[in-house]
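These notes are about the structure you will find just below.
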């Protein structure tokens with residue numbers, strides 16, 4: 350995270366904005382997709398298109414994030430799970446909430462990464478893995494019953 | 374009637390077993406191929422030795438060059454043997470893991486063995502550079518074992534479910550890798566580069582001492598894996614069916630995991646992380662001899678040995694005189710293979 | 684509320700194959716079956732019926748020692764099933780769970796041979812007896828010709844027959860099956876049930892199965908146990924158990940019980956709302 354200036358942000362910003370806008374407008378379709386391919390088709394969804402557009406959105410968003418800050422693990426895995434506790438499985442709500450939670454968590458992780466071994470700074474990707482992985486293990490234990 | 378099986382029974386019916394008819398032939402061909410690669414590999418180098426002289430020297434027959442003896446026995450043979458043994462151990466560990474988790478994409482990595490070994494080894498190189506290097510394998514093995522035990526315990530809840538093992542393994546592996554990154558970020562640059570070379574997985578400069586440290590583990594756990602192969606067949610049908618058939622599921626799974634961890638831990642400790650062998654070898658073996666583990670385990674072992682021997686030869690010859698660690702070669706071949714498997718399994 | 688029909692002593696005369704005493708089964712503290720006493724007659728076909736979630740599959744898992752009881756126990760020929768070694772039990776009692784999954788590429792013969800597991804040891808891994816029972820099981824289920832085929836290339840009915848063959852190769856006196864006919868079309872359902880009936884008739888195996896279809900249960904079973912919310916509502920021979928009152932209590936459905944025109948066993952015809960005005964509507 351260290352040494353990122355506003356210029357690089359401005360360069361990437363359009364991709365992020367477009368990505369977010371498409372993502373938020375796809376909420377209804379993705380919710381239908383979670384019911385399974387056949388059900389979604391039965392509901393009149395053109396699943397091939399939805400998947401293609403969703404993939405493009407993933408590339409846009411993940412690509413911009415990585416180009417700005419390098420690979421940062423576990424935010425993408427853990428945040429949707431946390432958000433699901435609050436808003437359930439409806440992607441119209443899940444997506445915006447996930448965006449806000451992700452932003453908050455990463456800011457927090459960055460802050461911790463800078464404070465924890467002052468004056469040096471831990472790469473934020475390591476911080477998210479150290480916090481995210483235990484939570485992931487917790488989820489695995491809780492959610493998967495034999 | 375049973376045209377796909379080879380049945381072996383002694384006269385007084387003390388002993389009986391069956392294996393797939395293809396197994397003996399496949400094993401024979403693999404052994405011949407491996408020996409050929411080994412001879413070429415020993416002959417190859419800055420100081421080339423003709424194959425016939427390689428064989429003569431190993432058999433103790435006289436050759437017309439007295440240097441051969443030193444070059445082969447001290448420099449090249451231990452390295453080649455290490456490559457073969459490490460490949461064998463990793464492949465068996467992979468076959469066990471895939472059978473246990475009923476997941477064709479599983480590999481010993483997923484229970485955190487390699488990440489654990491990597492963390493402890495790198496920590497030792499970076500934090501205590503003065504510690505003698507021969508302790509590295511012991512430290513790595515300890516790390517592998519601790520990580521695996523941690524995964525097993527964390528995944529335990531009224532029993533150990535394979536899917537929980539995989540997920541917890543991913544989590545523990547991520548933590549260990551993150552901590553390894555911390556070490557690498559803050560370590561002395563010379564220590565770090567030494568650690569990175571080790572992490573890449575190589576059999577460079579391995580000596581008879583390395584083999585001596587590796588061998589006891591293999592002598593105990595390779596036979597164990599062959600004895601437990603039958604149990605894998607049963608566990609492969611799912612916990613419920615296996616229990617119904619009278620298998621002590623948790624006990625057998627524990628033994629198999631122990632075998633897997635010991636074999637992969639010992640090989641990681643010897644040669645660093647040589648990726649994708651544990652994934653690829655059992656797959657290729659399955660294509661050759663089918664699903665029954667009595668034949669699959671030994672076939673995987675030889676395929677794995679062949680892969681690593683060959684990868685080491687390739688790594689030395691492709692960009693000579695620059696040497697690629699064999700872990701890089703296996704990853705370069707293994708990663709696309711993994712993608713191919715993912716693609717093929719996408720509907721499963 | 685709970686009607687326990689006394690067992691008709693004429694039809695069930697031998698020693699029970701499996702008995703439970705105060706059997707209490709639970710998943711994660713939630714009790715599914717509470718203090719159940721029952722006796723599975725030996726050499727007969729017993730059907731467990733009941734609505735979804737009534738605990739019939741749980742009961743079957745409990746009988747097969749796959750689920751450890753919170754309280755009480757299961758007796759196999761008068762010995763507690765948990766005191767016997769699990770291999771010992773597996774030589775006498777086979778269990779086929781609901782829709783099991785085989786690993787990719789496994790052939791039918793390899794699967795069926797797995798049924799010999801409890802009879803094998805480290806030295807005896809494939810005795811002549813193992814081979815004989817495996818081939819026999821393939822023959823009985825008419826799977827011999829498909830023996831070299833991988834399981835995933837077969838139809839649902841063939842696959843189910845392969846799994847039953849595995850349970851047969853185990854050569855146990857008692858066979859427990861959890862909904863052996865689900866997901867099969869009518870022809871296969873009848874085929875599987877006929878196969879089980881023959882096994883019972885010819886080899887006198889004790890068969891216990893969970894069945895969804897009441898009429899199939901009446902036709903094929905000698906003994907029916909009806910469950911509701913973890914309690915036994917009725918048990919006995921089909922003619923005694925199948926009453927309009929039982930169907931109402933177990934399934935909450937009004938019905939008429941008539942005589943099956945083919946087998947003469949009781950047949951349940953649910954009434955529902957629509958049937959009252961059926962003539963007015965084509």
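Residue numbers (my numbering), protein chains in the order written: chain V, 350 to 495; chain C, 374 to 721; chain U, 684 to 965. For each residue, glycine too, the CB sits at the ideal point set by N, CA and C. The structure displayed is predicted, hence computed values, not measured ones.
Hey, could you find the ends of the beta strand (DSSP E) residue i is sitting in?
i: residue 364 of chain V; result: Not the beta strand (DSSP E): residue 364 of chain V falls in the alpha helix (DSSP H), residues 355-374.
i: residue 705 of chain U; result: 699-710
i: residue 952 of chain U; result: 949-953
i: residue 857 of chain U; result: 857-861
i: residue 713 of chain U; result: 713-724
i: residue 449 of chain C; result: Unbroken run through residue 449 of chain C: none, as it is neither H nor E.
i: residue 776 of chain U; result: 776-779
State the DSSP-derived secondary structure class of residue i, mapped to helix, strand or coil.
i: residue 491 of chain V; result: helix
i: residue 702 of chain C; result: helix
i: residue 391 of chain V; result: helix
i: residue 965 of chain U; result: Annotation note: pLDDT 44 at residue 965 of chain U (below 50); position unreliable, coordinate value reported separately. Three-state result, residue 965 of chain U: coil.
i: residue 696 of chain C; result: coil
i: residue 503 of chain C; result: coil
i: residue 380 of chain C; result: strand
i: residue 533 of chain C; result: strand
i: residue 757 of chain U; result: strand
i: residue 797 of chain U; result: helix
i: residue 732 of chain U; result: strand
i: residue 378 of chain V; result: helix
i: residue 769 of chain U; result: helix
i: residue 942 of chain U; result: strand
i: residue 619 of chain C; result: coil
i: residue 695 of chain U; result: Because residue 695 of chain U carries a pLDDT of 49, less than 50, the predicted location of this residue cannot be relied on, and no value is offered for it.
i: residue 643 of chain C; result: helix
i: residue 790 of chain U; result: strand
i: residue 983 of chain U; result: Any answer about residue 983 of chain U is impossible in this case: the structure gives chain U only from 684 up to 965.
i: residue 489 of chain C; result: helix
i: residue 374 of chain C; result: Low confidence applies here, because residue 374 of chain C scores a pLDDT of 42, under 50, leaving its location unreliable; read the following figure in that light. In the structure shown, residue 374 of chain C sits in coil (DSSP, three-state: anything other than H, G, I, E or B).
What are the start and end residues of the alpha helix (DSSP H) that includes residue i?
i: residue 937 of chain U; result: Segment: none, residue 937 of chain U is in no alpha helix (DSSP H) and carries neither H nor E.
i: residue 400 of chain V; result: 396-418
i: residue 391 of chain C; result: Unbroken run through residue 391 of chain C is the beta strand (DSSP E), 389-393; no alpha helix (DSSP H).
i: residue 449 of chain V; result: 440-464
i: residue 406 of chain C; result: 396-416
i: residue 510 of chain C; result: 509-527
i: residue 430 of chain C; result: 424-431
i: residue 682 of chain C; result: 666-690
i: residue 434 of chain V; result: 424-436
Mind reading off the beta-carbon distance from residue i to residue j? Whole number of angstroms is fine, and I expect it under 8 angstroms.
i: residue 605 of chain C; j: residue 469 of chain C; result: 7 angstroms
i: residue 883 of chain U; j: residue 723 of chain U; result: At roughly 13 angstroms, the Cβ-Cβ gap does not stay under 8 angstroms, so residue 883 of chain U and residue 723 of chain U are not in contact.
i: residue 909 of chain U; j: residue 732 of chain U; result: 5 angstroms
i: residue 894 of chain U; j: residue 713 of chain U; result: The Cβ separation is near 25 angstroms, so there is no contact.
i: residue 547 of chain C; j: residue 423 of chain V; result: 7 angstroms
i: residue 880 of chain U; j: residue 839 of chain U; result: Residue 880 of chain U to residue 839 of chain U, Cβ: 20 angstroms. No contact.
i: residue 974 of chain U; j: residue 855 of chain U; result: For residue 974 of chain U there is no data in the structure shown, the boundaries of chain U being 684 and 965.
i: residue 934 of chain U; j: residue 734 of chain U; result: 5 angstroms
Cutting at 6 angstroms between CB atoms, please list the residues of its own chain near residue i, excluding the five before and the five after it.
i: residue 674 of chain C; result: 461, 464 and 465
i: residue 620 of chain C; result: 607
i: residue 687 of chain U; result: Here residue 687 of chain U scores only 44 on pLDDT, less than 50, and its place in the model should not be relied on; the value that follows carries that caveat. So no residue of the chain qualifies.
i: residue 655 of chain C; result: 467, 468, 471 and 673
i: residue 360 of chain V; result: none
i: residue 488 of chain C; result: 546, 549 and 550
Leaving out five residues before and five after residue i in sequence, what residues of the same chain have Cβ atoms less than 7 angstroms from its Cβ?
i: residue 461 of chain V; result: 476
i: residue 709 of chain U; result: 715 and 753
i: residue 454 of chain C; result: 584
i: residue 645 of chain C; result: 571, 572, 573, 574, 575 and 700
i: residue 488 of chain V; result: 430
i: residue 684 of chain U; result: Annotation note: pLDDT 40 at residue 684 of chain U (below 50); position unreliable, coordinate value reported separately. Contacts found: none.
i: residue 420 of chain V; result: 474
i: residue 599 of chain C; result: 670 and 671
Near residue i, which residues of its chain fall below 8 angstroms by C-beta distance, leaving aside the five closest residues on each side in sequence?
i: residue 912 of chain U; result: 737 and 738
i: residue 389 of chain C; result: 380, 381, 382 and 383
i: residue 707 of chain U; result: 714, 716, 717, 718, 719, 752, 753, 754 and 755
| message | My parser needs the beta strand (DSSP E) runs of 3 or more residues fully inside the region 870-916 of chain U; what are they? | response | As far as the region 870-916 of chain U is concerned, its whole beta strand (DSSP E) runs of at least 3 residues are 889-893 and 906-911.
| query | What runs of the beta strand (DSSP E), each 3 residues or longer, lie entirely inside the region 530-609 of chain C? | reply | Complete beta strand (DSSP E) runs here, min 3: none at all.
| alpha helix (DSSP H) runs contained entirely in the region 802-862 of chain U, provided each spans 4 or more residues | For the region 802-862 of chain U, the continuous alpha helix (DSSP H) assignments of 4+ residues that do not extend past its boundaries occur at 811-823 and 839-852, in sequence order.
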